[in-house]
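As structure tokens, the structure follows; a few thoughts come after it.
Residue numbers (this note's numbering), protein chains in the order written: chain A, 1 to 257; chain B, 1 to 257; chain C, 1 to 257; chain D, 1 to 257; chain E, 1 to 257; chain F, 1 to 257.
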């Protein structure tokens, strides 16, 4: 059950409303990496989760993101309100003025309606957590960009708060993933095929017009890695990849936790 | 700010899980007229609303719908869980098993991802409320159909509760609309053009193969209504529809309240 | 069967074409609450409808909206045509110039493609009509906003005509709903659970930063209403909501009429 | 302006309703290549078209497709109606029963909502017509597949009629394209770069597992064609592709006709 | 198998980066008729194709389009890069700066995410080829418009190259269609109903406000064509359209080749 | 530039084709976490990337995923081919038979068209890599589920190969992220606000119906973490979150690398 308290989690103060910036803020309200996406991804993972401690974590953070959604929506609304004047409205975004009368809607900064296609809810706890770490990293960088494009002190304070919390959440999800105590390369139950897993395919070769080159890094020069050069050109073809014992014995083990 | 209490608003008890019915239940979880759509439509209208009493109403009901989302999601999850067995999974819906491992996702009963295109947030209070009345009516009939297709007692009890609350909300929105004290035909500020507003165009005529006919009802036979027969065929064309005084004097009055 | 007459329902005259306003007009051509949405929502409800008089009504208005779609499309095309010059095109909207060569397309003012997700076709006559009332109210307020942002006399006349007809249609749908003679709170056949339907849940409390408060209105202070304060915080939980007799006896009664 | 006559363009008779086939029929009602897509693609091209004869053609066929939409919708509705019984409903498609009460909606046979992304309205007459030829070919083959999967005589008669008309329309669009008297390879005004236009790049080579080979056809063995073998592997790179005179002198000539 | 060579198929040189034009270029990167759509439409048709020579053709051109995608993406990236400065970013498109940091994404010039709804993969070779001819014509005219709006020499050279190749491909698909040796009106196996196929329905009549008229062209005045005037108004209704022998004898012949 | 070799990267052998399983396989062809999503996410990040070594890595793996797309598409096509018979087609999925003639299309296992909304291309290298790690984990678990639902030996071998490669890629992206030598909590340049970053908000409390509890884990019990209990209920509100020095000095540093 949910309860709503009218006070915002962060006091929103706006000096001079800036409808153009209000439109940018919608990116974190109804955009792909915004607060609604975070709130729903974690809360739905929480409904599916069978690890009681992680379920609690997911519901804690999912609920906090709902409070953030309210903060960013209130902030965007304050910036968009002056769009009642036709000229401003047209400059920013006709849909906001014509279709929504200057109110916020679940759209991103280019007017795309929010869609659940943005969410990653794969139903395997260790994979869910990796998705959440990536989601928090995306949200952090988006807030940083918004701060860089904003001159209003009160708005920047609110954005700094919201940005800070993404790091708090990213760390919590990293701690939860570590806390599972799993081999970081073991996803699910079926092991990868031994030799093939250690082959690095060098599928992009030559020198590009802007100086792109065929380079090395830990991924193709580390211990135990075999580099297969230009497999397509060598018509390198693999067969019989399933070792006899690779199949999991219980069907369906890899379901949500 | 939001707070979450782990107890559900309605105790969910499921006798025999039925994955096929679990799939149907998703219609009210991530479907066009489901609980997420209701929660977000009202809460976002609430953020935009400047009538303090109606804002409170919108936040009250928006928050209750979040609690309903949790109930229907938990119920669907209970029915879908046995989909761990391959055969059942394939029968119901491969995506639920393959992509989500038997967990719930924000999809409708045919697997379409939820989209904010479902929402109606026009930013004019009296119009918002009409949308909410219509939304509650849709949700009510959807729950009724689910009840009619369900044999499990615990599931039906939960659905009956959720269905009941839609009527509670529909009445509240109707009372709020009445409470505005507006002429039910006056939307916004610019009045319709007097004579033209009273003309009923009979654009569909003749007799159909299944007995369809050109019939009368209060809409084309009431006092003050002029019927224009087959305007296209008579090349009935209108000009000069704007009376001089029709324009609102303040630009942008018709913004959110 | 349909027949098309080349004369428009309203004579469109444009003084100085304004591509930026042409782009705004697309909101009523290919937008969520525009003429295509209206034409298709009513016509498809008409195909499904089994009440012969209402079927006639739905086809009459559905067909009129097709004529409106033609008027608004022609009007938008006139305003967009000068976009042949590169500078203007870029200013308004690259897609219109680059992808469509200055012609109209089924997109809204932000370039989103029209989708049937906008439609509400629930298949129960009294619910269909409520959706249509809400749809007409949305269309009316959208036309009013367009009029407020428009200085061209001929364009404003056309918009005034189209806006007027939305009120005509809204009234017709209201009369049809009244004409069904149903209790306005009775949707479908299964009655709500008696006591629960009269409880108002106060789920949003406290005082907000902008003066939001916990207020009363007819919805939480009328006769027969019981207010349940902060149900989540009280862990107020409901069980056994289905009275034994609540289930409809005939399955499937709540289908389209 | 449009007028609607209640009689259908083709008398629809259904022997034994088959909900599963009704669901398949939705492909031509609200699917990517169905009657709505055809009606709207041609009618919107018609609004944009400046060649008066072709505009008439586009409006004639666009209007006929609206009548087809009504026929296929009525036919699908007849087959879906028995879905009032729960068992049948679940078997076919829950959304149709749960969300729409057994009525038709603008969705395809897999439940995807219709979207204007299906339309091709490029705004250059000769390109519009090529799109329409392709669209009619797609519609024809889809009707043929439906006929092959249908045993009901009345349904097959209706589908045969609709399928026949697609060939009528395809021929009309082919005649209109020929009637423009243009070089079939000249699209727009800017000519292609002479030598480069005659080079055929052989980008896929070798022998595949299922016997795929590097073969010849008129496209890589005709007069005047130069085959460039494996350009990527030879790092074949092109520069200076614009002959000085290639730019059109008038900007924006390539707008809709 | 695919191999990537870092050198671009066309050397991209940009004088003064123009973020606004970079945004327009996205139309051919992630737009409805852009290079990704072409690459995937042909390659997927290639996977399905059973005519070995046409399969080779489809893979050749599908692969070349991947190289074009890389060229247009690199070109757009060069134009968008200066968007690091806030002012420029806001002017062009907030999403590109806020959500993507000035990088390219699979979106069109209005920010719509690319969708496979753009593709036409009907699974019948002669229909596939007609779709490809239409797709190349759309891509050609789009490149021509981009060239007309561009002043940078290096950019125009790259666009001229890409535009030229669309004509090369259009001709190749036309040659392949001719090479099938089929009657151009015969799609699939079931023949159209003889008399009905030769009737032209004149469904749009009268004189329009802008001089639109009921005109003739080869489509309604050629040999063997019967014009049916205003069929709706005459309640012209057809029955029994399936000649006894029309059904194909083998089910499912009309599958992909 | 790309080159295609007709030999597949893995020899595909199918014993008894199973159309129902072919439909499931589409999840990895045109689904949210399938091979197209992987190929495009990495290749587009590669176009944007300014770190030359990571650009090479992204192009290597992006290209390999194109080869995987071809393998999974060929495998799905083999399983779907028998759908030429009507009965089988109807059982699996009408769209595949009716709209595509038994060929593969860019749709997931529930028929949803692929969309670029699935992609995560945030334009900051360390965030891109986190997204890729998560993407590979999702792909791995999806292949594992497909293997668990499959009995055909040749199909399972191919899936085992593709699954193995996801682990290879996940490790490579993890090594690349480590190789950046960044503090794992430092995303971008602006630091989080010191005290606030260490507060854990306990927003979900109480005991649930299924035994859910308020539990501890490393995220709310570690060193340096302050737990804030039920912040909403305590009306815990934060202000002045931006330390003076928090703003990055160069605007736009957080662009793609």
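Every residue gets a Cβ at the ideal spot worked out from N, C-alpha and C, and that includes glycine.
Reducing DSSP to helix, strand and coil, say where residue i ends up.
{"i": "residue 202 of chain B", "result": "strand"}
{"i": "residue 38 of chain C", "result": "helix"}
{"i": "residue 13 of chain B", "result": "coil"}
{"i": "residue 234 of chain F", "result": "coil"}
{"i": "residue 149 of chain E", "result": "coil"}
{"i": "residue 228 of chain D", "result": "strand"}
{"i": "residue 172 of chain C", "result": "helix"}
{"i": "residue 5 of chain B", "result": "strand"}
{"i": "residue 113 of chain E", "result": "strand"}
Between the C-alpha atoms of residue i and residue j, what's the straight-line distance to the nearest angstrom?
{"i": "residue 22 of chain E", "j": "residue 28 of chain E", "result": "11 Å"}
{"i": "residue 180 of chain A", "j": "residue 217 of chain F", "result": "10 Å"}
{"i": "residue 155 of chain C", "j": "residue 9 of chain A", "result": "46 Å"}
{"i": "residue 228 of chain C", "j": "residue 235 of chain C", "result": "11 Å"}
{"i": "residue 90 of chain B", "j": "residue 97 of chain B", "result": "Any reading at residue 90 of chain B is ruled out, since the residue's pLDDT is 48, under 50, leaving its predicted position unreliable."}
{"i": "residue 177 of chain A", "j": "residue 119 of chain A", "result": "19 Å"}
{"i": "residue 238 of chain C", "j": "residue 82 of chain B", "result": "27 Å"}
{"i": "residue 187 of chain F", "j": "residue 40 of chain F", "result": "24 Å"}
{"i": "residue 20 of chain E", "j": "residue 65 of chain E", "result": "24 Å"}
{"i": "residue 199 of chain A", "j": "residue 44 of chain E", "result": "28 Å"}
{"i": "residue 127 of chain C", "j": "residue 52 of chain C", "result": "17 Å"}
{"i": "residue 31 of chain D", "j": "residue 224 of chain B", "result": "43 Å"}
{"i": "residue 182 of chain D", "j": "residue 171 of chain E", "result": "15 Å"}
{"i": "residue 173 of chain F", "j": "residue 121 of chain F", "result": "15 Å"}
{"i": "residue 145 of chain C", "j": "residue 232 of chain A", "result": "59 Å"}
{"i": "residue 60 of chain A", "j": "residue 105 of chain A", "result": "25 Å"}
{"i": "residue 220 of chain D", "j": "residue 71 of chain E", "result": "24 Å"}
{"i": "residue 17 of chain B", "j": "residue 75 of chain B", "result": "10 Å"}
{"i": "residue 205 of chain B", "j": "residue 131 of chain D", "result": "34 Å"}
Which residue from the options puts its Cα closest to that of residue i?
{"i": "residue 260 of chain A", "options": "A/102, A/142, A/62, A/230", "result": "Since the displayed chain A opens at 1 and closes at 257, residue 260 of chain A lies outside it and no answer follows."}
{"i": "residue 269 of chain A", "options": "F/116, F/49, F/4, F/157", "result": "Examination of residue 269 of chain A is not possible in this model, given that chain A is present from 1 through 257 alone."}
{"i": "residue 68 of chain C", "options": "B/121, B/201, B/109", "result": "B/201"}
{"i": "residue 116 of chain A", "options": "B/150, B/187, B/36", "result": "B/36"}
{"i": "residue 210 of chain D", "options": "E/50, E/14, E/18", "result": "E/50"}
{"i": "residue 100 of chain C", "options": "E/2, E/1, E/203, E/24", "result": "E/24"}
{"i": "residue 102 of chain A", "options": "A/112, A/80, A/226, A/108", "result": "A/80"}
{"i": "residue 11 of chain F", "options": "D/42, D/207, D/226", "result": "D/207"}
{"i": "residue 213 of chain C", "options": "B/54, B/42, B/7", "result": "B/54"}
Assuming residue i contacts residue j (C-beta within less than 8 Å), just tell me the rounded distance between them.
{"i": "residue 143 of chain F", "j": "residue 125 of chain F", "result": "Actually they are not in contact, since the Cβ atoms of residue 143 of chain F and residue 125 of chain F sit about 27 Å apart, beyond 8 Å."}
{"i": "residue 77 of chain E", "j": "residue 47 of chain F", "result": "6 Å"}
{"i": "residue 275 of chain F", "j": "residue 196 of chain A", "result": "Outside the displayed range of chain F (1 to 257) lies residue 275 of chain F, so it cannot be described from this structure."}
{"i": "residue 112 of chain D", "j": "residue 34 of chain F", "result": "At roughly 18 Å, the Cβ-Cβ gap does not stay under 8 Å, so residue 112 of chain D and residue 34 of chain F are not in contact."}
Handout entry: Touch test, the region 133-148 of chain B against the region 162-171 of chain B, Cβ-Cβ under 8 Å, three pairs minimum
Key = yes
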